[in-house]
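Numbering (our numbering), first residue to last: 56 to 386. Ideal Cβ placement from N, Cα and C applies to all residues, glycine included.
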Amino acid sequence: MLNQAELSSLKRGDKVDHYLLIRRSEIRLTKNNNEYLSLELGDKSQSVNANVWENFESYKTSFLPGAIVKVRGTIEDYQGTAQIKVSAIRPLNVNEKITAAEFLPKSKRNLAEMKKEFYSYIEKISNPHLNLLMQNIFYEDNFLKFSLAPAAKMWHHAYIHGLLEHTLEIIRICNLMCDIHHELNRDLLICGAIMHDFGKVEELSSDVSFDYTDKGKLIGHIVIAAMKIENEAAKIEGFPDELKNCLIHLVLSHQGKLEYASPVVPKTLEAIALYHADELSAKINAYKNALETEIKGEGKWTKYISLASTDLFKHTISKELEDQINKSLFD
């Protein structure tokens, strides 16, 4: 177990004496055509660039993505971005028992609790075709892969178990919508929520960092999930075509707009509900993470975040005061 300050907690001038994971490694040339080593080093909290200017030639074959290194240096600012000024760097010794998994962020939720919650939703699916489809897809090995996957490379739920956490959030939102709007088909919508990002199991890798696989780049998680439903439904005798098509439509349309990479726009009540549930879960998680990681000390504003198209404000209203106000208003 690593016992070191997270990179995200360090500020300009702070010392670095850390084990870090190499996420990118490139030999580059200076203006004078001298070689130097450009690295991206990371822990669970963030990744930081670092350059090694000399004495790295003997380590060219060991300073590769996925390797763990011991780094000494100082945090400095380069064009508004933190980087490490390296004073010493070495490969991991054979007696230092540290694995790459220790450098990947994980969900704060308990995995066993999430697994129990996930299967409780499948058990409640009353439609026999949909129930069997979900059971066939989420057998133990498949669930394990699903539970380990992140929900995204970096924007939202970008951590181990993130896909499962994101999926459960969407199921909860969709369940609430079904309680409000009885016209929604609960079984269909819940299955759509379960399957909407299933393809990310194959779209994203998490061996060293969260990145796109060849299959993910060539096909994409939406089509991967749609193909999975088509193939598995074909194995179930008498699976209704309309039910299958509506479920696939939920997956194909869940990003809402053609310009957001949805092959089709939502055309059913369940599809529009799923699209907005997905948006709510993803953006709340992403904004919450930005407020936690981008604001240092007593600051209240993040930097401009391009994916959010704005900077974000962190208010100082205490939850206790809010609860007191609500109690006085409604008692």
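Residue nearest to residue i in terms of C-alpha spacing, selected from the options
i    : options                : result
L218 : R241, F173, N186       : F173
S336 : V71, A213, D234, S364  : A213
V126 : E178, N110, L166, H73  : H73
K70  : R78, A60, L76          : A60
S113 : R145, A137, Q138       : R145
N87  : S80, G121, W108, E81   : W108
Q310 : M282, E285, H276       : H276
G354 : L362, D366, E224       : D366
K255 : M169, N197, I327, R67  : N197
L199 : L346, F253, I180, V278 : F253
N89  : Q101, G68, F111        : F111
R67  : R78, R83, V103         : V103
M169 : E292, Y342, I226, Y315 : I226
T154 : A345, G128, L57, Q138  : L57
L273 : K179, E285, D262, E258 : E258
L324 : H236, K290, S361       : H236
S142 : E131, K152, E151       : E131
K208 : E224, D262, Y194       : D262
E195 : T136, K171, N182       : K171
E349 : A156, T136, L166, E151 : T136
H370 : L362, I279, E347       : E347
A156 : I279, S260, Q138       : S260
E151 : S181, I123, L166       : I123
One or two residues paired with residue i in a DSSP bridge
i    : result
R78  : R78 pairs with nothing; no bridge assigned.
H73  : V126
S93  : E81, N106
D399 : One cannot answer for residue 399 here, as it falls past the ends of the chain, which runs 56 to 386.
R145 : K125
T266 : For the sequence presented, residue 266 should be read as Asp rather than Thr. Partner(s): S260.
F253 : F253 pairs with nothing; no bridge assigned.
W356 : F368
K163 : BP columns for K163 are empty, so no partner.
I215 : K161
Nearest-angstrom beta carbon gap, residue j and residue i [assumed within contact, 8 Å]
i    : j    : result
L468 : L76  : In the structure as shown, the chain starts at 56 and stops at 386, and residue 468 therefore has no counterpart that could be examined.
N106 : S93  : 6 Å
L188 : E81  : Contact doesn't hold; Cβ gap of about 45 Å is too wide.
I192 : T222 : Between T222 and I192 the Cβ distance is about 13 Å, and since that is not below 8 Å, they are no contact.
I159 : I215 : In the sequence as presented, Ile is not what sits at residue 159; that position holds Leu. The Cβ separation is near 6 Å, so the contact holds.
F294 : H184 : 5 Å
L147 : S100 : In fact, because the Cβ distance is near 20 Å, the residues do not count as touching under 8 Å.
K115 : T129 : Not confirmed; about 24 Å, so no contact.
I327 : A345 : Not confirmed; about 27 Å, so no contact.
Y91  : R83  : 6 Å
Residue i classed as buried or exposed, judged by whether at least 16 other C-beta atoms fall within 10 angstroms
i    : result
H251 : buried
F368 : exposed
E220 : buried
I372 : exposed
K283 : buried
G247 : buried
S162 : buried
D98  : buried
I339 : exposed
V149 : exposed
Y176 : buried
G121 : exposed
T85  : exposed
Q190 : exposed
Q134 : exposed
T357 : buried
E238 : exposed
A341 : buried
A281 : buried
S224 : Checking the sequence shown, residue 224 turns out to be Glu, not Ser. By the neighbour-count rule (16 or more Cβ atoms within 10 Å), E224 is buried.
- Item | Cβ contact check for the region 258-272 and the region 297-310: 3 or more pairs under 8 Å | no
- Query: Do the region 304-313 and the region 243-261 meet, that is, are 3 or more Cβ pairs less than 8 Å apart?
  - Reply: yes
- Query: Would you call the region 218-233 and the region 313-331 touching, i.e. three or more CB-CB distances under 8 Å?
  - Reply: yes
- Message: I'd like to know if the region 313-323 and the region 197-205 are in contact, where contact means that at least 3 CB-CB pairs between them fall below 8 Å.
- Response: By the Cβ test, the region 313-323 is not in contact with the region 197-205, since fewer than three Cβ pairs between them sit closer than 8 Å.
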